[in-house]
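Undergrad: Handing you a structure now.
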Amino acid sequence: MLKISAIILVILTLSYPIICFADNGIEKFDSTGSISKSSGLLNVKLPSFLQTPEKIEAWRCGVYGALLVSATYYAFTNMDEVWGQSSGDFHYKNHDWNDDRLAFTDEVSHMLVSYKLTQACKGLFSWCGFSPRISRICGASGAAIWMTAVEYPIDAYNPKQGFGWSDMVFNFMGISFATLRDRYPWAYRFDLKLSLESLDYFANTIVAMTLEENNNYIYWLTYQPYREKLPFHVGFGYSGKMADTGKREAAPQGFIGVGISLSDLTPILGKDWGKFLGNFGFYSFSLYVEIF
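Per numbering that gives the first Met the number 0, the very first residue in the sequence shown carries number 0; after that it's consecutive.
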């Protein structure tokens, strides 16, 4: 019952802009800042069905609604397999702020997921024809509602999990960063990305199930110094490694590196494709060195 209530709450709340806002046109605002002047080496034209329309289009809202219902239902009904059933009493996560044996990589993953979810929600509303301001509000609100529903009631009543204040803090850090990056052109050069240390410990499920799989992810804060001219980024990566304590627990691990992702291709494909692919540039193909 708790899971059904969470699904209904998320679907209804994320649908409210379509019902409540009579937003009949987009603002002439390019959140990518100076890259709007970059035509790109190839200047590949974005297909019309992927372009942002000048007004709200009903068929796009229908596609968004179908994606929303399908994704929400799939995610929340398959959580039992990953995290177990939410069939216990309300409780907080044990060792919330310390001694979680994962070196805070779980919290950092929450920040990345919240960040990308905000971008995805905002991008879908823009694609439907809503203004940048409305899309930005709905993107942040949708991600906040979705991620909060994961913590409460899903995790809060799960005997194996529990409500985590640290997870919530990192959730809203990711949402805030995505909103800041979309609103202010100077912040667009920064990004959050993911990479794998090895394919040997690639997780077959949506989340890591073992310590080795968890330590295999590197979470990157990246910066594009020459966004208009060269398709690469530099960054600081954070991950976990097996601790030297004799226990199965993680110790912090840091990297510096250089890499490329789909969101770096503006100088080659042009600003339209660069802006579109920015929503999918979550993976960084990186060369890096360990610094701790």
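Where is the CB? At the ideal position from N, CA and C, for every residue including glycine. Given the structure is predicted, the values throughout are model-derived calculations rather than measurements.
Got a sec? Which residues, its chain only, sit under 7 angstroms from Ala186 by beta carbon, not counting five neighbours each side?
TA: By 1-based counting over the sequence shown, the position of residue 186 is 187. The residues are Leu179, Arg180.
Undergrad: From Gly236 to Gln223, what distance separates their C-alpha atoms?
TA: Here the question's residue 236 lines up with position 237 in the sequence shown. Here the question's residue 223 lines up with position 224 in the sequence shown. Their Cα atoms are separated by approximately 15 angstroms.
Undergrad: In this structure, how does DSSP classify Ile255 when only helix, strand and coil are distinguished?
TA: Along the sequence shown, read from residue 1 onward, the residue named residue 255 stands at position 256. Strand at Ile255.
Undergrad: Please classify Met158 as buried or exposed, where buried requires at least 16 other C-beta atoms within 10 Å of its C-beta.
TA: Here the question's residue 158 lines up with position 159 in the sequence shown. Here residue 158 is Pro; the residue named in the question, Met, does not match the sequence. Pro158 comes out exposed.
Undergrad: Spatial neighbours of Leu320 within its chain, please: CB distance less than 7 angstroms, with the 5 preceding and 5 following residues excluded, ordered by chain position.
TA: In the structure as shown, the chain begins at 0 and stops at 291. Residue 320 is therefore absent and cannot be evaluated.
Undergrad: Going straight from the alpha carbon of Leu49 to that of Gly273, what length do you get?
TA: Stepping through the sequence shown from its first residue, residue 49 is reached at position 50. Stepping through the sequence shown from its first residue, residue 273 is reached at position 274. Leu49 and Gly273: Cα-Cα distance of roughly 12 angstroms.
Undergrad: Output needed for Leu195: all residues of its chain with C-beta closer than 8 angstroms, excluding positions within five of it in sequence on either side, in chain order.
TA: Taking the sequence shown and counting its residues from 1, the one referred to as residue 195 is at position 196. Excluding residues within five positions, the ones whose Cβ falls inside 8 angstroms are Phe201, Asn215, Tyr216, Ile217.
Undergrad: Which residues in the same chain have their Cβ closer than 6 angstroms to the Cβ of Ser285, if we skip the five residues on either side of it in sequence?
TA: Here the question's residue 285 lines up with position 286 in the sequence shown. Result list for Ser285: Ser194, Gly256, Gly258, in chain order.
Undergrad: Among Asn278, Gly128, Pro251, which has the Cα closest to the Cα of Glu289?
TA: Taking the sequence shown and counting its residues from 1, one reaches residue 289 at position 290. Out of Asn278, Gly128, Pro251, Pro251 has the C-alpha closest to the C-alpha of Glu289.
Undergrad: Run the CB neighbour count on Thr76, radius 10 Å, all protein chains shown included, and call it buried at 16 or more, exposed below.
TA: The sequence position of residue 76 within the sequence shown is 77, counting from 1. Answer is exposed; the Cβ neighbour count stays below 16.
Undergrad: If distances are taken between C-alpha atoms only, which option among Gly269, Val233, Ala102 comes closest to Leu210?
TA: Numbered from 1 along the sequence shown, position 211 holds the residue referred to as residue 210. Nearest of Gly269, Val233, Ala102 to Leu210, Cα basis: Ala102.
Undergrad: Taking the alpha carbon of His109 as the point to measure from, which residue in Glu150, Gly87, Gly83, Arg135 has its own alpha carbon closest?
TA: On the sequence shown, position 110 is the one that residue 109 refers to. When only C-alpha atoms are compared, the closest one is Glu150.
Undergrad: Quick check: what's the CA-CA separation for Phe281 versus Tyr114?
TA: Counted from its first residue, the sequence shown places residue 281 at position 282. Counted from its first residue, the sequence shown places residue 114 at position 115. About 10 angstroms.
Undergrad: Out of Glu106, Cys127, Gln84, state which residue places its alpha-carbon closest to the alpha-carbon of Val168.
TA: One-based indexing of the sequence shown puts residue 168 at position 169. Of the candidates Glu106, Cys127, Gln84, the one whose C-alpha sits nearest the C-alpha of Val168 is Glu106.
Undergrad: Please report the Cβ distance between His232 and Gly161, rounded to the nearest whole angstrom; I am assuming they are in contact, meaning their Cβ atoms lie under 8 angstroms.
TA: For this step, residue 232 is matched to residue 233 along the sequence shown. For this step, residue 161 is matched to residue 162 along the sequence shown. Wrong, their Cβ atoms sit about 36 angstroms apart, outside the cutoff.
Undergrad: Would you say Lys92 lies against chain C (beta-carbon separation less than 8 angstroms)?
TA: No chain C is part of this structure, which consists of one protein chain only.
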